Amino acid sequence: MTTVANGEADSALAVPADRGTCPFAPPPAYEQAHRAGPINRVSLWDGSPCWLLTGHRQARFVLGDRRFSADARVPGFPFLSPGRRELLDRTTPTFIRLDDPEHSRQRRLLTGDFIIKRVEAMRPQIQQIVDEALDRMVAHGGPADLVREYALPVPSLVICLLLGVPYADHGFFQAQSQTLLSLNSSLAEVDAAQHALNSYLVELAGRKQREPDESVLGRLVAKGEVTLEEAAAMGVLLLVAGHETTANMTALGTLALLQNPEQAERLRADPSLIKGAVEELLRYLTIVHLGIPRVALEDVDLDGTLIRAGDGVLCMASTANWDEEVFTGGDRLDVTRDARRHLAFGFGIHQCLGQPLARAELQIALQTLLERLPELRLAVPFEDLRYRSDMLVYGVHELPVTW
Amino acid sequence: MHVTIDQDRCCGAGQCVLTAPTVFDQGDDDGLVRLRTDRPEPAVQSDVRLAAALCPGGAITVHDSNT
């Protein structure tokens with residue numbers, strides 16, 4: 098394979114690329130391209146050319162540089178699918194898809210809710226949610242689908258806690274968010290669920306305006322800087338950003354530990370390794386796997402390659418997180434590695450806002466699972482598992498386990 | 015070592031507090047970076063360097079000249 102750096106797309110590289118035979122590894126075609134060079138030219142689904150950055154240093158540079166925009170309305174922005182482009186016309190962009198200063202204005206309405214102190218204070222409640230979900234799964238008996246019984250309900254209930262959804266509404270909230278995120282939902286069902294959640298959150302925000310509390314939604318409306326509709330939209334954003342990602346990391350992270358039993362044993366033997374282990378799993382698995390899209394606002398020299406204003410760029414966090422220049426033996430899972438330089442949460446001003454919460458959830462969910470179920474194992478052959486290869490958030494569809 | 019911060023560049027990701035908690039803090043309400051000290055002890059200086067490298071907004075600057 099040759100890497101073409103002068104504007105022509107390398108025909109062997111497609112987006113998204115085939116994941117190959119190892120479900121944990123980045124697409125082999127990207128790894129191969131990376132060996133020839135970290136700056137590649139690819140064609141998107143609609144034939145439009147785009148830069149594909151596979152190296153850690155190059156991806157980090159672009160994500161951290163404000164000359165690259167995250168605003169999908171800027172001409173040249175690389176869309177990952179027709180559906181993503183369509184979404185642009187139907188929705189008002191939230192801060193994920195805005196540049197500063199509007200991005201900062203919106204994001205800063207929420208930064209106070211995700212500070213380390215607040216998240217640390219939530220740990221006992223997260224532990225309770227995790228324990229109860231595991232109790233239910235165990236009471237039900239194995240084999241069980243870990244995705245449905247554990248990985249999905251835990252973050253959904255944590256978001257209920259975060260937004261201040263009353264206990265009586267948890268069932269409704271979980272059912273709607275499940276429909277919103279399920280592959281098996283039709284477009285009409287997704288629309289209906291989105292509408293139901295939105296109306297619910299507008300009403301909930303209104304209630305919190307009358308009876309303020311310390312939840313994210315309560316604090317947001319108390320600030321008086323957003324309408325109830327905007328507060329509800331941010332609630333849906335937090336749900337979408339925080340539910341599917343954490344759920345898939347929990348299930349795929351469990352699978353990676355089951356397939357690397359010596360690593361699981363190390364974690365069981367020394368629970369103090371869990372924080373580093375979660376960073377390593379985030380690095381190793383990079384579930385936001387289709388690349389982080391940006392568009393250049395002006396001409397930028399990237400290691401001698403000219404990225405022109407209006408060029409689309411995809412930063413591949415997955416290959417960056419396996420980049421040998423930063424992570425020696427990066428194709429191996431090693432829970433004792435210092436993996437903190439990973440780009441699994443992105444980089445730059447858009448880096449995941451909820452990362453302290455995601456870390457706490459993953460640390461608690463994985464550690465509790467390992468401790469409580471020492472005999473945990475797959476209930477089907479590894480080869481039979483199916484993966485979310487073509488979905489925005491990668492993971493495993495079902496994870497049948499027994500114990 | 016001398017550390018300075020630029021709150022305008024802070025995006026509240028919390029990497030600095032995770033990496034060097036004795037040097038960095040976050041405002042309770044705005045979630046933005048605060049300094050507990052601008053002269054970190056030698057024992058935590060490598061953590062401070064890592065925090066500066068991990069800061070997604072480039073809000074932390076480490077000055078070495080007048081240690």
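As they're listed, the protein sequences go chains A and B.
Going by this note's numbering, the first sequence opens with residue 98, and the numbers climb by one from there.
Going by this note's numbering, the second sequence opens with residue 15, and the numbers climb by one from there.
Each residue gets a CB set at the ideal place from its N, CA and C atoms; glycine is no exception.
These figures come from a predicted structure and were not determined experimentally.
Where do the ends of the beta strand (DSSP E) carrying residue i lie?
{"i": "residue 409 of chain A", "result": "409-412"}
{"i": "residue 137 of chain A", "result": "136-140"}
{"i": "residue 397 of chain A", "result": "397-399"}
{"i": "residue 263 of chain A", "result": "Unbroken run through residue 263 of chain A: none, as it is neither H nor E."}
{"i": "residue 47 of chain B", "result": "47-49"}
Quick check: the Cα distance between residue i and residue j, rounded to an integer number of angstroms?
{"i": "residue 81 of chain B", "j": "residue 18 of chain B", "result": "With a pLDDT of only 48 at residue 81 of chain B, under 50, the local geometry of the prediction cannot be trusted, and no value is derived from it."}
{"i": "residue 445 of chain A", "j": "residue 20 of chain B", "result": "14 Å"}
{"i": "residue 153 of chain A", "j": "residue 134 of chain A", "result": "12 Å"}
{"i": "residue 441 of chain A", "j": "residue 159 of chain A", "result": "15 Å"}
{"i": "residue 174 of chain A", "j": "residue 155 of chain A", "result": "18 Å"}
{"i": "residue 392 of chain A", "j": "residue 232 of chain A", "result": "47 Å"}
{"i": "residue 143 of chain A", "j": "residue 114 of chain A", "result": "15 Å"}
{"i": "residue 27 of chain B", "j": "residue 229 of chain A", "result": "29 Å"}
{"i": "residue 234 of chain A", "j": "residue 484 of chain A", "result": "22 Å"}
{"i": "residue 383 of chain A", "j": "residue 414 of chain A", "result": "7 Å"}
{"i": "residue 317 of chain A", "j": "residue 210 of chain A", "result": "9 Å"}
{"i": "residue 454 of chain A", "j": "residue 477 of chain A", "result": "32 Å"}
{"i": "residue 272 of chain A", "j": "residue 30 of chain B", "result": "37 Å"}
{"i": "residue 376 of chain A", "j": "residue 431 of chain A", "result": "10 Å"}
{"i": "residue 61 of chain B", "j": "residue 451 of chain A", "result": "22 Å"}
{"i": "residue 245 of chain A", "j": "residue 117 of chain A", "result": "26 Å"}
{"i": "residue 124 of chain A", "j": "residue 148 of chain A", "result": "16 Å"}
{"i": "residue 426 of chain A", "j": "residue 319 of chain A", "result": "49 Å"}
{"i": "residue 259 of chain A", "j": "residue 76 of chain B", "result": "35 Å"}
{"i": "residue 462 of chain A", "j": "residue 310 of chain A", "result": "27 Å"}
{"i": "residue 404 of chain A", "j": "residue 397 of chain A", "result": "5 Å"}
{"i": "residue 212 of chain A", "j": "residue 42 of chain B", "result": "7 Å"}
{"i": "residue 151 of chain A", "j": "residue 39 of chain B", "result": "33 Å"}
{"i": "residue 497 of chain A", "j": "residue 241 of chain A", "result": "5 Å"}
{"i": "residue 166 of chain A", "j": "residue 359 of chain A", "result": "43 Å"}
{"i": "residue 439 of chain A", "j": "residue 350 of chain A", "result": "16 Å"}
{"i": "residue 102 of chain A", "j": "residue 423 of chain A", "result": "Confidence at residue 102 of chain A is low in this model, with a pLDDT of 46, below 50, so the placement of that residue should be treated as unreliable; the coordinate-derived value is given next. Cα-Cα distance, rounded: 23 Å."}
{"i": "residue 54 of chain B", "j": "residue 285 of chain A", "result": "57 Å"}
Find the nearest neighbour of residue i within the set the options, judged by alpha-carbon distance.
{"i": "residue 365 of chain A", "options": "A:238, A:468, A:190", "result": "A:468"}
{"i": "residue 298 of chain A", "options": "A:265, A:332, A:281, A:286", "result": "A:332"}
{"i": "residue 352 of chain A", "options": "A:112, A:481, A:218", "result": "A:481"}
{"i": "residue 249 of chain A", "options": "A:268, A:311, A:345", "result": "A:345"}
{"i": "residue 72 of chain B", "options": "B:55, B:35, B:15, B:46", "result": "B:46"}
{"i": "residue 292 of chain A", "options": "A:270, A:150, A:310", "result": "A:270"}
{"i": "residue 262 of chain A", "options": "A:225, A:273, A:314, A:252", "result": "A:314"}
{"i": "residue 194 of chain A", "options": "A:218, A:168, A:205, A:172", "result": "A:168"}
{"i": "residue 448 of chain A", "options": "A:157, A:146, A:227", "result": "A:157"}
{"i": "residue 34 of chain B", "options": "B:75, B:64, B:78", "result": "B:64"}
{"i": "residue 122 of chain A", "options": "A:465, A:387, A:411", "result": "A:387"}
{"i": "residue 176 of chain A", "options": "A:145, A:129, A:132", "result": "A:145"}
{"i": "residue 381 of chain A", "options": "A:359, A:402, A:420", "result": "A:420"}
{"i": "residue 494 of chain A", "options": "A:281, A:401, A:132, A:268", "result": "A:281"}
{"i": "residue 306 of chain A", "options": "A:295, A:150, A:328, A:289", "result": "A:328"}
{"i": "residue 192 of chain A", "options": "A:308, A:170, A:180", "result": "A:170"}
{"i": "residue 399 of chain A", "options": "A:212, A:410, A:389", "result": "A:410"}
{"i": "residue 402 of chain A", "options": "A:111, A:473, A:136, A:112", "result": "A:136"}
Just list the residues that DSSP pairs residue i with in beta bridges.
{"i": "residue 442 of chain A", "result": "For residue 442 of chain A, which the question treats as bridged, DSSP gives no partner whatsoever."}
{"i": "residue 75 of chain B", "result": "B:18"}
{"i": "residue 170 of chain A", "result": "Looking at the DSSP assignment, residue 170 of chain A forms no beta bridge with any residue, so it has no partner."}
{"i": "residue 403 of chain A", "result": "A:398"}
{"i": "residue 241 of chain A", "result": "A:498"}
{"i": "residue 389 of chain A", "result": "A:412"}
{"i": "residue 361 of chain A", "result": "Per DSSP, none; premise fails for residue 361 of chain A."}
{"i": "residue 148 of chain A", "result": "A:138, A:410"}
{"i": "residue 111 of chain A", "result": "A:140"}
{"i": "residue 165 of chain A", "result": "A:393"}
{"i": "residue 474 of chain A", "result": "A:499"}
{"i": "residue 490 of chain A", "result": "A:385"}
Hey, quick one: how far does the alpha helix (DSSP H) through residue i stretch, first residue to last?
{"i": "residue 39 of chain B", "result": "Unbroken run through residue 39 of chain B is the beta strand (DSSP E), 38-40; no alpha helix (DSSP H)."}
{"i": "residue 30 of chain B", "result": "29-33"}
{"i": "residue 158 of chain A", "result": "153-160"}
{"i": "residue 452 of chain A", "result": "452-469"}
{"i": "residue 249 of chain A", "result": "Careful: residue 249 of chain A lies outside any alpha helix (DSSP H) and carries neither H nor E."}
{"i": "residue 125 of chain A", "result": "125-133"}
{"i": "residue 336 of chain A", "result": "325-356"}
{"i": "residue 418 of chain A", "result": "That residue, residue 418 of chain A, is in no alpha helix (DSSP H); it is neither H nor E in DSSP."}
For residue i, return the contacting residues in chain E, with the cut-off set at a CB-CB distance below 9 Å.
{"i": "residue 209 of chain A", "result": "The structure shown has no chain E; the protein chains it does contain are A and B."}
- Examine the Cβ distances between the region 320-329 of chain A and the region 433-442 of chain A and report whether three or more of them are shorter than 8 Å. Touching, no.
- Task: Answer yes if the region 42-53 of chain B comes into contact with the region 474-492 of chain A, meaning at least three C-beta pairs across the two stretches below 8 Å, and no otherwise.
- Result: In this structure the region 474-492 of chain A does not lie against the region 42-53 of chain B, because fewer than three pairs of beta carbons, one per stretch, are closer than 8 Å.
- Take every Cβ of the region 354-372 of chain A, pair it with every Cβ of the region 326-337 of chain A, and state whether three or more of those distances are shorter than 8 Å. Segments in contact, no.
- Kindly confirm or deny that the region 288-307 of chain A and the region 195-211 of chain A touch, where touching means at least three C-beta pairs closer than 8 Å. Here the region 288-307 of chain A does not lie against the region 195-211 of chain A, with fewer than 3 beta-carbon pairs under 8 Å apart.
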